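The structure appears right after this line, and notes come after that.
In the numbering used here, the protein residues as written are 1 to 498.
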């Protein structure tokens, strides 16, 4: 799958065949790959406080133990461990071999048992640095790679026999670690999903204690065919995190995507361009603050522009310890791990959630906007949460105790709504353009009139406006103060009209 031009049209020539199928049911499922990459980074890449000579093996063991402890903290219940199974010390270089054992998420699946080889050059002037004209002395340089195995047969076939993952790192005398993570290009066919991956190159820096971590890299392209075709072009990412006292890694993150194209069978391409996600987390006096922003620069269908989108979220007053516990539980579940004691896990989750709510956190959708050629619609929401004391309450009573305040604002642009209705001529080319134009004008005017008649909104010029404010058990809806019970009755009446 190739892009023929800026309109997202595809070259429909079949993908080139690779040497072996990359089957869905292979042992390296998505959760396994994610955990493998993490442990390689934490374990094999720790490069620890490597010293030359007789201390190297002991320091390696200490570094692996520290990495496993961090893994258990970030992914509780993951049941994954890295161990040093072989070590051969030489005068100028040493060879280490690690074993990664990861329990499968499902009992009927085999455990993931992988090996990593590590070639270590002793400092202060390793030969590889001299030959690359890097003259600053370092303690050691490590080159770690995944080894071939039966479980990785399809992965190595997709990478044409070269190591799929390579981690090169060096440790300085100030305990700083710098390195590069390389993921080989992949190509696979014959399974439910066929595709090509351009490979990944990322540089990182951290320290022996794992207090700070920064990484940046780029993926040129990823193409999937299943039979829908999905193409991603130009993925760049950068993360800069520092661990706080609760164990959370706070800082900044950025992921940018030049283009995402989706091509359904016998349909034109839907293309999103200039996609950007940024995040910023930090510790303030009243807890953790977090900001998350999304942006889609443009969306097009069959080469014709549809619009753009922006969305920004913020969280504040998050209790660090409760957030760390909830994040660990989420990470473990995201890997597909089933808790050994679901009841205890549920109690742990509820306890952490109540602790979080005691800090009266705030959740805000600062802006959600959609822009078309002729207008922009916006929505915002700001909600303050309270501790209900207990989560074991009827839903209506729990909601009242949980939501301390709420502010919502909606601006619907009538020209934008007309643009959306006009898109019918794009998705249904046989439609009559004049009839669709008349339909758009009629439907938008009808929507504004009905909203005013039912007191759901008011019309000001080209905009349909609605505002909701809630505090102290009283609702103010479009300027009118009404009891919560009456507002609930209004919503129930609207549901009855459906």
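Glycine is no exception: its CB is placed at the ideal position from the N, C-alpha and C atoms. Nothing here was measured: the structure is a model prediction, and the numbers come from that model.
DSSP three-state assignment for residue i, whether helix, strand or coil
{"i": "residue 245", "result": "coil"}
{"i": "residue 483", "result": "strand"}
{"i": "residue 142", "result": "strand"}
{"i": "residue 433", "result": "helix"}
{"i": "residue 478", "result": "coil"}
{"i": "residue 424", "result": "helix"}
{"i": "residue 133", "result": "coil"}
{"i": "residue 266", "result": "coil"}
{"i": "residue 193", "result": "coil"}
{"i": "residue 366", "result": "strand"}
{"i": "residue 453", "result": "helix"}
{"i": "residue 418", "result": "helix"}
{"i": "residue 300", "result": "strand"}
{"i": "residue 147", "result": "coil"}
{"i": "residue 382", "result": "strand"}
{"i": "residue 175", "result": "coil"}
{"i": "residue 163", "result": "coil"}
{"i": "residue 460", "result": "strand"}
{"i": "residue 389", "result": "coil"}
{"i": "residue 67", "result": "helix"}
{"i": "residue 180", "result": "strand"}
{"i": "residue 287", "result": "strand"}
{"i": "residue 520", "result": "There is no way to answer for residue 520, as the model of the chain reaches only from 1 to 498."}
{"i": "residue 111", "result": "coil"}
{"i": "residue 35", "result": "Any reading at residue 35 needs caution, since the residue's pLDDT is 43, under 50, leaving its predicted position unreliable; the model's value is listed next. Residue 35 falls in the helix class under three-state DSSP."}
Beta-ladder partner(s) of residue i, from DSSP
{"i": "residue 231", "result": "223 and 261"}
{"i": "residue 98", "result": "84 and 116"}
{"i": "residue 278", "result": "254 and 293"}
{"i": "residue 466", "result": "410"}
{"i": "residue 445", "result": "Residue 445 is not bridged to any residue."}
{"i": "residue 333", "result": "According to DSSP, which records beta bridges pairwise, residue 333 is partnered with nothing at all."}
{"i": "residue 213", "result": "206 and 241"}
{"i": "residue 377", "result": "370"}
{"i": "residue 125", "result": "Partner(s): none; residue 125 has no beta bridge."}
{"i": "residue 236", "result": "218 and 256"}
{"i": "residue 93", "result": "121"}
{"i": "residue 471", "result": "405 and 474"}
Start-to-end residues for the beta strand (DSSP E) that takes in residue i
{"i": "residue 312", "result": "304 to 318"}
{"i": "residue 198", "result": "No beta strand (DSSP E) contains residue 198, which DSSP labels as neither H nor E."}
{"i": "residue 187", "result": "186 to 188"}
Limits of the unbroken alpha helix (DSSP H) element including residue i
{"i": "residue 355", "result": "342 to 358"}
{"i": "residue 153", "result": "153 to 158"}
{"i": "residue 401", "result": "395 to 402"}
Short CB-CB distance (under 9 angstroms) between residue i and chain D
{"i": "residue 376", "result": "The question asks about chain D, but that chain is absent: this structure has only one protein chain."}
Across the region 314 to 328 and the region 345 to 355, are there enough close Cβ pairs to call them in contact, namely three or more that are closer than 8 angstroms?
yes
Can you find at least 3 beta carbon pairs, one from the region 339 to 347 and one from the region 289 to 307, that sit closer than 8 angstroms?
no
Given 8 angstroms, three or more beta-carbon pairs between the region 218 to 225 and the region 188 to 198
yes
Between the region 372 to 386 and the region 428 to 440, are three or more C-beta pairs nearer than 8 angstroms?
no
Evaluate contact between the region 440 to 460 and the region 404 to 418, counting only Cβ atoms and requiring at least three cross-stretch pairs below 8 angstroms.
yes
Does the region 87 to 98 come close enough to the region 66 to 75 to have 3 or more Cβ pairs within less than 8 angstroms?
no
Meets three-Cβ-pair contact criterion under 8 angstroms: the region 150 to 158 and the region 131 to 140:
no
The region 302 to 313 contacting the region 204 to 224, beta-carbon criterion three pairs below 8 angstroms:
no
Across the region 481 to 488 and the region 421 to 433, are there enough close Cβ pairs to call them in contact, namely three or more that are closer than 8 angstroms?
no
Are at least three pairs of beta-carbons, each pair with one atom in the region 141 to 150 and one in the region 159 to 169, less than 8 angstroms apart?
yes
For the region 306 to 325 against the region 238 to 254, are there 3 or more C-beta pairs whose distance is under 8 angstroms?
yes
If we count Cβ pairs, one from each stretch, closer than 8 angstroms, do we get three or more for the region 364 to 383 versus the region 395 to 410?
yes
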